[in-house]
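Comments concern the structure below.
2 protein chains.
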Amino acid sequence: MTHKLIRIQRVSEPVPAHSRPVMISVAGDSAAGKTTLTKGLAQVIGLERVAVIGVDDYHRYDRQERKGLPFTALHPDCNYVDIMEQHLQLLATGQPILKPVYDHGSGRLTRPELIEPKEFVIVEGLLPLHTRLARACFDVTIYLDPPENIRRQWKIDRDTQGRGYTADQVVDELRRREQESAAFIRPQRRFADIIIRFSPVTGREDPPNTPLSAELVLRPTIRHPDLTKILVASEPRAIHLKLGRDEDGRPVDTLHIHGYVPQEESQVVKKAIWTLLGIDSGDPPGILGDLGEGRSEPLAITQLLLLYQLMAAAEPASAGRLLPGGP
Amino acid sequence: MTHKLIRIQRVSEPVPAHSRPVMISVAGDSAAGKTTLTKGLAQVIGLERVAVIGVDDYHRYDRQERKGLPFTALHPDCNYVDIMEQHLQLLATGQPILKPVYDHGSGRLTRPELIEPKEFVIVEGLLPLHTRLARACFDVTIYLDPPENIRRQWKIDRDTQGRGYTADQVVDELRRREQESAAFIRPQRRFADIIIRFSPVTGREDPPNTPLSAELVLRPTIRHPDLTKILVASEPRAIHLKLGRDEDGRPVDTLHIHGYVPQEESQVVKKAIWTLLGIDSGDPPGILGDLGEGRSEPLAITQLLLLYQLMAAAEPASAGRLLPGGP
Chain E
1 MTHKLIRIQR
11 VSEPVPAHSR
21 PVMISVAGDS
31 AAGKTTLTKG
41 LAQVIGLERV
51 AVIGVDDYHR
61 YDRQERKGLP
71 FTALHPDCNY
81 VDIMEQHLQL
91 LATGQPILKP
101 VYDHGSGRLT
111 RPELIEPKEF
121 VIVEGLLPLH
131 TRLARACFDV
141 TIYLDPPENI
151 RRQWKIDRDT
161 QGRGYTADQV
171 VDELRRREQE
181 SAAFIRPQRR
191 FADIIIRFSP
201 VTGREDPPNT
211 PLSAELVLRP
221 TIRHPDLTKI
231 LVASEPRAIH
241 LKLGRDEDGR
251 PVDTLHIHGY
261 VPQEESQVVK
271 KAIWTLLGID
281 SGDPPGILGD
291 LGEGRSEPLA
301 ITQLLLLYQL
311 MAAAEPASAG
321 RLLPGGP
Chain U
1 MTHKLIRIQR
11 VSEPVPAHSR
21 PVMISVAGDS
31 AAGKTTLTKG
41 LAQVIGLERV
51 AVIGVDDYHR
61 YDRQERKGLP
71 FTALHPDCNY
81 VDIMEQHLQL
91 LATGQPILKP
101 VYDHGSGRLT
111 RPELIEPKEF
121 VIVEGLLPLH
131 TRLARACFDV
141 TIYLDPPENI
151 RRQWKIDRDT
161 QGRGYTADQV
171 VDELRRREQE
181 SAAFIRPQRR
191 FADIIIRFSP
201 VTGREDPPNT
211 PLSAELVLRP
221 TIRHPDLTKI
231 LVASEPRAIH
241 LKLGRDEDGR
251 PVDTLHIHGY
261 VPQEESQVVK
271 KAIWTLLGID
281 SGDPPGILGD
291 LGEGRSEPLA
301 ITQLLLLYQL
311 MAAAEPASAG
321 RLLPGGP
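Protein chains in written order, with the numbering used here: chain E, 1 to 327; chain U, 1 to 327.
Laid out in structure tokens, this is it:
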């Protein structure tokens, strides 16, 4: 029956190479900070040029149905992983999808929505890096890896405020999820090009409202901007790059950006990365680092480094051209 | 960015040829009799081996939203035709889909459902033959073409009984739809391998409850069973095959099966087609021709001819082996 495949191929429109979006995944456990990270990024690129996909929409069961199941929403069996893979392939090859929709407020699966392929696709959620086929769809892969005590507090805050749970229910849910988190979520860390950890610096007594510091493991699986030059030239005190080995023994760079970094010091580094994007004029957009309430320089620099990767994947030779305000 | 395509292909599981389903489409206007035709067919093959897809599930707008639109549910712009094409391609190549669901009762779009590829896929609805790419996905294409006055009555009966409309509302809706029916639904007739018309025979005064007669235009676009031999041998009086030209001048066979056909005469023809399927033993299943209330020999023979095509597409050399009860 290969005749049918040939018939389909003969009448299919060829997809021009430039219409295939650049795809980045942001994986991480529940309340790891995925939305905070991706929001500023999408706004700088321009919301009309970015599709943001939450792969938690691929839940196989709604909240009510999950109550009778021996596993939680974190388990691959609780998700249409094969359909997620299929949709990622379709998006990666420039085709639209009819994406399922999980309503986090009501806990119900509702009417699906059309997602047209755009220049950039940001895919965030619990399991975007779970399978080999899903990973093959991405140009850049990110894993968010906050310390567990911080993530717990974030999850309690968010789920009691926006999703109708009590604090006790969230704590109970965290306990139920722990085993699956260890089995399915955290192993995705090793497939990430960049691992991001926001946390307070141990041993420091920063004043309240000091933003969290960022620690970025930069794996040589993709080409990062040469930060050694930037940091040697500007001699920052609160931003460091350290060569070392990752948990698995592989060589990595780790970039530390302290939460107390002075604005002028951060600005020099941000401006240098901005220039690497091929944009000589103007300052990096103020939306970078925005926390809703207040702002964070470590977040801004993190977002700029991701922006660099997206632009490089879109057009390796002259990344900055693609950004509004670029030459 | 072809590297991403290559990466995806390298890690994709190859689809074995035998897992690609045989696909048949049954196109036709609203209430043309699509469900009545396909139900018996699916039951004979075995419900566990058949997926039945209604492409009206690909409505872009729900009933409430359509009220403000300048077109009806028949218009391609009122449907996700590109997603329908995509899903048909996926099914035709043996892949599962997450199909949208339109609830005809409430008129709302709801939670999508997983459709796993099975051996046979029956696709029925308003627009399955609308595009070239959709048509390329099918092994056999059917168009249901009842006389307009009969279809109107069927639609009034069904929509007032099962979908919460009044008769006046249905008549009004039929008027609103007429132009789009002419523009988008009826043109699909010319892409069908078999065109089926159930209607009373003009000029006859059959007793009440006589089933409608069937007129089947058999286009030489697929290989039909050689009915000349069957009909010469059995000398039926209420079943005729006539060579002629279709509306567009192309040569076609037209098979007439009168509603009053005696059971014994019909049985000979049914048995002959059943034997052509490679099944020597047993009679054709009694579910063929079932109307819910009563039964119809013209419907039974029509379903058998479609069954023949499905089996031939599945395994041209020895079709009957695939049927339960086959040798």
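Heads up, the beta-carbon is just placed ideally off N, CA and C, and yes, glycines get one too.
Alpha carbon to alpha carbon, what distance is there between Arg189(E) and Gly107(U)?
Position 107 of the second sequence, counted from the first residue, corresponds to residue 107(U). Position 189 of the first sequence, counted from the first residue, corresponds to residue 189(E). Their Cα atoms are separated by approximately 44 Å.
Through-space distance from Pro128(E) to Asp193(E), alpha-carbon basis:
Locating residue 193(E) in the first sequence gives position 193, counting from the first residue. Locating residue 128(E) in the first sequence gives position 128, counting from the first residue. If you take the alpha carbons of Asp193(E) and Pro128(E), they lie about 14 Å apart.
Tell me which residues of the segment 94-118 of chain E have at least one Cβ-Cβ distance to chain U shorter than 8 Å, keeping chain order.
Gln95, Pro96, Ile97, Leu98, Pro100, Arg108, Leu109, Thr110, Arg111, Pro112 and Leu114
Whose Cβ in chain E lies nearer than 9 Å to the Cβ of Tyr80(U)?
By 1-based counting over the second sequence, the position of residue 80(U) is 80. Here the neighbours are Pro96, Leu98 and Leu114.
Assumed close pair Val261(E), Glu297(E) - CB separation to whole angstroms, cut-off 8 Å
Counting from one through the first sequence, the residue named residue 261(E) turns up at place 261. Counting from one through the first sequence, the residue named residue 297(E) turns up at place 297. Rounded, the Cβ-Cβ distance is 5 Å, consistent with contact.
Tell me, to the nearest whole angstrom, how far the beta carbon of Ile156(U) is from that of Val140(U); I am working on the premise that it is less than 8 Å.
Here residue 156(U) refers to the residue found at position 156 of the second sequence. Here residue 140(U) refers to the residue found at position 140 of the second sequence. That belief does not hold up - the Cβ atoms of Ile156(U) and Val140(U) are roughly 30 Å apart, past 8 Å.
In terms of residue numbering, what span does the beta strand (DSSP E) encompassing Asp103(U) cover?
As a working note, residue 103(U) is residue 103 in the second sequence. Its beta strand (DSSP E) spans residues Ile97 to Asp103.
Cβ-based burial, Met1(E) [other Cβ within 10 Å; buried from 16]
Stepping through the first sequence from its first residue, residue 1(E) is reached at position 1. Residue placement at Met1(E) cannot be trusted, given a pLDDT of 49 that sits under 50; what the coordinates show is reported in the next sentence. Met1(E) comes out buried.
For Tyr61(U), which of helix, strand or coil comes out of DSSP?
Within the second sequence, the letter at position 61 stands for residue 61(U). If DSSP states are grouped into helix, strand and coil, Tyr61(U) belongs with coil.
Rounded distance between the beta-carbons of Arg197(E) and Asp246(E), thought under 8 Å:
By one-based count along the first sequence, residue 246(E) stands at place 246. By one-based count along the first sequence, residue 197(E) stands at place 197. With a Cβ gap of about 13 Å, Asp246(E) and Arg197(E) do not count as contacting.
With C-beta atoms as the reference, is Ile257(E) less than 8 Å away from Val44(E)?
By 1-based counting over the first sequence, the position of residue 257(E) is 257. By 1-based counting over the first sequence, the position of residue 44(E) is 44. No, the pair does not count as a contact, with Cβ atoms beyond the cut-off.
Is the distance from the Cβ of Arg163(U) to the Cβ of Thr72(U) below 8 Å?
As a working note, residue 163(U) is residue 163 in the second sequence. As a working note, residue 72(U) is residue 72 in the second sequence. Taking 8 Å as the Cβ cut-off, Arg163(U) and Thr72(U) do not qualify as a contacting pair.
For Glu124(U), count neighbouring C-beta atoms within 10 Å of its own C-beta (all shown protein chains included) and say buried if the count is 16 or more, exposed if not.
By one-based count along the second sequence, residue 124(U) stands at place 124. The residue is buried, with at least 16 neighbouring Cβ atoms inside 10 Å.
For chain U, find out if any of its Cβ atoms is closer than 8 Å to the Cβ of Val50(E); answer yes or no.
Taking the first residue of the first sequence as position 1, residue 50(E) is located at position 50. Cβ-Cβ to chain U under 8 Å: no for Val50(E).
Buried or exposed by the 16-neighbour rule on C-beta atoms within 10 Å, applied to Gln9(E):
Start at 1 with the first residue of the first sequence, and residue 9(E) comes out as number 9. So Gln9(E) ends up on the exposed side.
Nearest to Asn79(U) (by Cα), restricted to the options Ala314(U), Tyr102(U), Leu212(U) and Thr35(U):
On the second sequence, position 79 is the one that residue 79(U) refers to. Among Ala314(U), Tyr102(U), Leu212(U) and Thr35(U), the Cα nearest to that of Asn79(U) belongs to Tyr102(U).
Assigned exposure category for Glu48(E) - 16 Cβ within 10 Å defines buried:
For the purposes of this step, residue 48(E) is identified with residue 48 of the first sequence, where counting begins at 1. Classification of Glu48(E): exposed, given that the 10 Å Cβ count is below 16.
Any non-hydrogen atom of the ligand PLP closer than 7 Å to Asp145(U) Cβ:
Judged by which ligands are present, the structure shown has none, so any question about the ligand PLP falls away.
Compare the C-beta of Gln309(U) against all C-beta atoms of chain E and say whether one is closer than 8 Å.
Here residue 309(U) corresponds to residue number 309 of the second sequence, with the count starting at 1. No, its Cβ sits nowhere closer than 8 Å to a Cβ of chain E.
Rounded to the nearest angstrom, what separates Ala31(U) and Tyr143(U) at their Cα positions?
One-based indexing of the second sequence puts residue 31(U) at position 31. One-based indexing of the second sequence puts residue 143(U) at position 143. Each residue's alpha carbon lies about 13 Å from the other.
CA-to-CA distance, Gln161(E) to Thr254(E), given in whole angstroms:
On the first sequence, residue 254(E) is found 254 positions in, with the first residue counted as 1. On the first sequence, residue 161(E) is found 161 positions in, with the first residue counted as 1. Near 34 Å, if we compare the C-alpha coordinates of Gln161(E) and Thr254(E).
What is the rounded straight-line gap between the Cα of Val11(E) and the Cα of Phe191(U)?
Taking the first sequence and counting its residues from 1, one reaches residue 11(E) at position 11. Taking the second sequence and counting its residues from 1, one reaches residue 191(U) at position 191. Straight-line Cα distance between these residues: approximately 15 Å.
Using a beta-carbon distance cut-off of less than 9 Å, what residues from the segment 126-148 of chain U approach chain E?
Thr131, Arg132, Leu133, Arg135, Ala136, Cys137, Phe138 and Asp139
Please give the ranges of any beta strand (DSSP E) in the segment 218-297 of chain E, keeping only runs that are unbroken, at least 3 residues long and fully inside the region.
239-245 and 251-257
Should Gly33(U) go down as buried or exposed, given a rule of 16 or more other Cβ atoms within 10 Å for buried?
Translated into positions along the second sequence, residue 33(U) becomes position 33. Buried: at least 16 other Cβ atoms inside 10 Å.
Neighbour flag for Val11(E) against chain U, beta carbons, 8 Å
The residue given as residue 11(E) occupies position 11 in the first sequence. Yes, Val11(E) counts as interfacial toward chain U.
Just the chain U side, please: which residues come within less than 7 Å of Arg405(E) by C-beta, in chain order?
No information on residue 405(E) is available, as it lies outside the stretch 1 to 327 that chain E covers here.
What does DSSP give as the partner residues of Phe198(E) in its beta bridges?
For the purposes of this step, residue 198(E) is identified with residue 198 of the first sequence, where counting begins at 1. Paired residue(s): Ala214(E).
For Ala42(U), which of helix, strand or coil comes out of DSSP?
Within the second sequence, the letter at position 42 stands for residue 42(U). Helix, per DSSP.
Reducing DSSP to helix, strand and coil, say where Ser25(E) ends up.
Here residue 25(E) corresponds to residue number 25 of the first sequence, with the count starting at 1. If DSSP states are grouped into helix, strand and coil, Ser25(E) belongs with the strands.
Would the beta-carbon of Lys99(U) fall within 8 Å of that of Ile122(U)?
Mapped onto the second sequence, residue 99(U) falls at position 99. Mapped onto the second sequence, residue 122(U) falls at position 122. Their beta carbons are not under 8 Å apart, which means Lys99(U) does not touch Ile122(U) by this criterion.
In angstroms, rounded to a whole number, what distance separates the CA positions of Leu243(E) and Ile185(E)?
Start at 1 with the first residue of the first sequence, and residue 243(E) comes out as number 243. Start at 1 with the first residue of the first sequence, and residue 185(E) comes out as number 185. Computed Cα separation, rounded: 26 Å.
Status (buried if at least 16 other CB within 10 Å, exposed otherwise) for Thr38(U)
Your numbering for residue 38(U) matches position 38 in the second sequence. Thr38(U) is buried by the Cβ-count criterion.
Rounding to the nearest angstrom, what Cα-Cα distance links Val26(E) and Tyr58(E) in this structure?
Counting from one through the first sequence, the residue named residue 26(E) turns up at place 26. Counting from one through the first sequence, the residue named residue 58(E) turns up at place 58. Straight-line Cα distance between these residues: approximately 16 Å.
Near Ala314(U), what residues of its chain come up, given a Cβ to Cβ distance below 8 Å and the 5 sequence neighbours on each side ignored?
Taking the first residue of the second sequence as position 1, residue 314(U) is located at position 314. The answer, listed in chain order, is Val22, Glu119, Phe120 and Leu322.
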